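All letters in the sequence shown, in the order written, are residues 38 to 133 by the working numbering.
Note that beta-carbon positions come from the ideal geometry of N, C-alpha and C, so glycine has one too.
Note that the structure is a prediction, hence the values are computed from the model and not measured.
Notes to accompany the following structure.
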Amino acid sequence: MSTLHTISKSPAKGLLSSCAPLLKQGDALMLLEDGVYYSYQNELDDLLAKGFEVYCLSEDLLARGPADKNLAESKLLDYEGFVDLCCEHDKLVNWF
């Protein structure tokens, strides 16, 4: 049973440190709203190295900063892709 975890708050809230230990094989992480700021930091490197899928909502990323910044290797999705990703997982956990 796979779970899609979503983070919509900025890294200042520290939600990734609570979420990351609970990720299991087959789970994925979706960053949206201010959560896309995690893409500009090294905090995703450990998750990516462990093989977890990390996604960013492209519209939110573009709205919050220049696209030429050094981004983590997260995959960009539009809203349609986000809906598809939700349907691919059995559960959805939103981190607030």
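- The bridge partners DSSP lists for L41 are A65, L129.
- A residue is called buried when at least 16 other Cβ atoms come within 10 angstroms of its Cβ; S55 does not meet this threshold and is exposed.
- Taking 9 Å as the cut-off, the Cβ atoms of L114 and C93 count as close.
- With a contact defined as Cβ atoms closer than 8 Å, S39 and G63 qualify at about 4 Å.
- By the C-beta density criterion, G72 is buried, having at least 16 other C-beta atoms within 10 angstroms.
- As DSSP reads the structure, V91 sits in a beta bridge with L66.
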